[in-house]
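Protein chains in written order, with numbering that gives the first Met the number 0: chain A, 0 to 137; chain B, 0 to 137. Taking it in order: structure first as structure tokens, then the write-up.
Number of protein chains: 2
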Amino acid sequence: MSEKLTSSLEDYLEAICVFIKKNSTVRAIDIARILNVSRASTTEALKKLSEKGLINYGRYDAISLTKNGEELAELIIEKHNSLYEFFAKVLGSSHDEAQENACKIEHIISPDAMRRIVAFTNYYSKKYGDEFVKKIDL
Amino acid sequence: MSEKLTSSLEDYLEAICVFIKKNSTVRAIDIARILNVSRASTTEALKKLSEKGLINYGRYDAISLTKNGEELAELIIEKHNSLYEFFAKVLGSSHDEAQENACKIEHIISPDAMRRIVAFTNYYSKKYGDEFVKKIDL
DNA sequence: ACATATTGTTAGGATAGACTAACATTACTA
DNA sequence: TAGTAATGTTAGTCTATCCTAACAATATGT
Chain A
0 MSEKLTSSLE DYLEAICVFI KKNSTVRAID IARILNVSRA STTEALKKLS
50 EKGLINYGRY DAISLTKNGE ELAELIIEKH NSLYEFFAKV LGSSHDEAQE
100 NACKIEHIIS PDAMRRIVAF TNYYSKKYGD EFVKKIDL
Chain B
0 MSEKLTSSLE DYLEAICVFI KKNSTVRAID IARILNVSRA STTEALKKLS
50 EKGLINYGRY DAISLTKNGE ELAELIIEKH NSLYEFFAKV LGSSHDEAQE
100 NACKIEHIIS PDAMRRIVAF TNYYSKKYGD EFVKKIDL
């Protein structure tokens, strides 16, 4: 049931979840635009996510997340956000830079390293707040 | 001339460089073992690296790096080592964990984020040395 | 409700990466 | 040096991802 997703499918799932939270619905074309892929590629990805039981979806049908899909999406988003915080707050990357790196790394970092980054970020933002980065001259 | 390599080809190139530094020569099978791929896959990768002018290589021939190949390999290895340091020293990951994460992230992290990680690691290892990790209870 | 625009799907093709199995070459060793 | 083992190559296949172009369904505006 819960075989690991590819990076690509994780991106689709994540995009679906984020979009639904903001707009309550998603269409294939919304996802296509967000991920900068064709509508055809999106259809294909939706089929796969559906087969894996992560979204409810049928031909010309509305898209929604299943329980499993939502749980998994939340995990991915959580990783994304933690990485974003780390890059933005701790390393002082720009918004876009932090987003880009978080987007890529969220799919490949190990759970242990992720935990360490979260702990690290928490420790430092508590201790130094936003001023931290300025201390080390990047 | 210098189109960007895929993550996979970067891995091959890196492995070749590291192996040559230790043993002065490499064979396809050495690479295959290091990267855990078949000899056939290695042959294919060698052809591509050769086409891109990064290695000297012909059928049943010895493998060596070109000037360009060596330069590029060094850059990748440098990124790898810096990421390893960050995970091992700053976050306190185990050797294997640090290696694994460095291996994956080296191919996708942005140059800017890489610079920040290097600066960060230097700052902290100077300031706290190996004792740093213990302070934040990971 | 009908024409048009938008969105979704399918078919077909490309690229990258990996694999196995069969075969070619090279290296070792008795 | 002959035979075997090790290594390298090729051919053919697979999966994942993306694309375009053509077509199907739905939504919209008058």
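Positions of the beta carbon are idealized from the N, C-alpha and C atoms, including for glycine. Every value quoted in this text rests on a predicted model; they were computed, and no experiment measured them.
Practice task
Taking only beta-carbon positions, decide if Leu-90/A is within less than 8 Å of chain B.
Solution key: Closer than 8 Å: yes.
Problem - Run of the alpha helix (DSSP H) containing Ser-124/B, from where it starts to where it stops - result: Here the alpha helix (DSSP H) through Ser-124/B covers 110–127.
Practice task
Can you give me the start and stop residues for the alpha helix (DSSP H) that Val-17/B sits inside?
Solution key: Per DSSP, Val-17/B is one residue of the alpha helix (DSSP H) stretching across 6–22.
Handout entry: Nonlocal neighbours in the same chain, by C-beta distance under 6 Å from Ser-81/B, ignoring five residues either side
Key = If we look at Ser-81/B and ignore the five residues flanking it on each side, its Cβ neighbours are Val-117.
Handout entry: CB contact flag (Ile-107/A, Lys-103/B, <8 Å)
Key = Going by beta carbons, Ile-107/A and Lys-103/B fall inside the 8 Å limit.
Practice task
Less than 8 Å between the CB atoms is what I'm expecting for Cys-16/B and Ile-62/B, so what's the real figure, rounded?
Solution key: Actually they are not in contact, since the Cβ atoms of Cys-16/B and Ile-62/B sit about 11 Å apart, beyond 8 Å.
Exercise for the section: Taking 8 Å as the threshold, find out whether the segment 56–75 of chain B comes into contact with the segment 41–48 of chain B through three or more Cβ pairs. Expected result: They touch, by the three-pair rule.
Problem - N-terminal and C-terminal residue of the alpha helix (DSSP H) that Leu-74/A is part of - result: Counting along the chain, the unbroken alpha helix (DSSP H) around Leu-74/A starts and ends at 66–84.
Practice task
Pick out whichever of Phe-119/A, Lys-78/A, Tyr-127/A and Thr-24/A has its Cα sitting closest to the Cα of Ser-9/A.
Solution key: The sequence shown places Glu at residue 9/A, rather than the Ser named in the question. Comparing Cα positions, the closest option is Lys-78/A.
Handout entry: Presumed contact (8 Å Cβ cut-off) between Tyr-83/B and Ala-101/B, rounded CB distance
Key = Contact flag correct, Cβ pair sits at about 4 Å.
Practice task
Let me know the secondary structure DSSP gives Ile-54/B once reduced to three states.
Solution key: Under the three-state reduction of DSSP output, Ile-54/B falls in the strand class.
Exercise for the section: Below 8 Å between beta carbons is the criterion; list the residues of the segment 6–22 of chain B that meet it against any residue of chain A, in chain order. Expected result: With the criterion set as a beta carbon lying under 8 Å from some beta carbon of chain A, the segment 6–22 of chain B has no members that meet it.
Practice task
Name, in chain order, the residues that DSSP records as bridge partners for Ser-63/B.
Solution key: Partner(s): Asn-55/B.
Exercise for the section: Specify the secondary structure class of Val-36/A as computed by DSSP and reduced to three states. Expected result: In the structure shown, Val-36/A sits in coil (DSSP, three-state: anything other than H, G, I, E or B).
Exercise for the section: Return yes when the Cβ of Arg-38/A is within less than 8 Å of the Cβ of Ala-31/A, no when it is not. Expected result: At a Cβ-Cβ threshold of 8 Å, Ala-31/A and Arg-38/A count as neighbours.
Handout entry: Interface partners of Lys-103/A on chain B, CB under 7 Å
Key = Proximity of chain B to Lys-103/A at the Cβ level (cut-off 7 Å) is accounted for by Ile-107, in chain order.
Practice task
Compute the minimum distance between the beta carbon of Glu-96/A and the heavy atoms of the ligand NAD, and state whether it is under 7 Å.
Solution key: The ligand NAD is absent from the structure shown, which contains no ligand whatsoever.
Problem - Interface residues of chain A facing Glu-96/B [CB-CB closer than 8 Å] - result: Going along chain A in sequence order, the residues near Glu-96/B (Cβ under 8 Å) are Ser-109, Asp-111 and Ala-112.
Problem - Whether Ala-27/B touches Thr-42/B by CB criterion (8 Å) - result: Taking 8 Å as the Cβ cut-off, Ala-27/B and Thr-42/B qualify as a contacting pair.
Handout entry: Any chain A beta carbon closer than 8 Å to Ile-75/B
Key = Judged by the 8 Å Cβ criterion, Ile-75/B is not in contact with chain A.
Handout entry: Residue of Asp-111/B, Leu-34/B and Tyr-127/B minimising C-alpha distance to Ser-93/A
Key = Among Asp-111/B, Leu-34/B and Tyr-127/B, the Cα nearest to that of Ser-93/A is on Asp-111/B.
Practice task
Verify whether the separation of the beta carbon atoms of Leu-90/A and Leu-53/A is less than 8 Å.
Solution key: No, Cβ-Cβ distance for Leu-90/A and Leu-53/A is not below 8 Å.
Problem - Selection from Asn-22/B, Ala-14/B and Phe-85/B that minimises the alpha carbon distance to Arg-115/B - result: It is Phe-85/B whose Cα lies nearest to the Cα of Arg-115/B.
Problem - Secondary structure of Met-0/B, DSSP reduced to three states - result: Bear in mind that the predicted position of Met-0/B carries a pLDDT of just 44, short of 50, making it too unreliable to give a figure here.
Practice task
Give me the Cα-Cα distance between Met-0/B and Tyr-56/B, rounded to the nearest whole angstrom.
Solution key: Any reading at Met-0/B must be qualified, since the residue scores a pLDDT of 44, below 50, and its modelled position is unreliable; no value is offered.
Exercise for the section: Kindly give me the distance between the Cβ atoms of Lys-88/A and Ser-124/A, rounded to whole angstroms, as I take these residues to be in contact under 8 Å. Expected result: That pair is a contact at about 5 Å.
Practice task
Check each residue of the segment 33–50 of chain A: if its Cβ is closer than 7 Å to any Cβ of chain B, include it; give the result in chain order.
Solution key: Going along the segment 33–50 of chain A in chain order, one finds no residue with a Cβ nearer than 7 Å to chain B.
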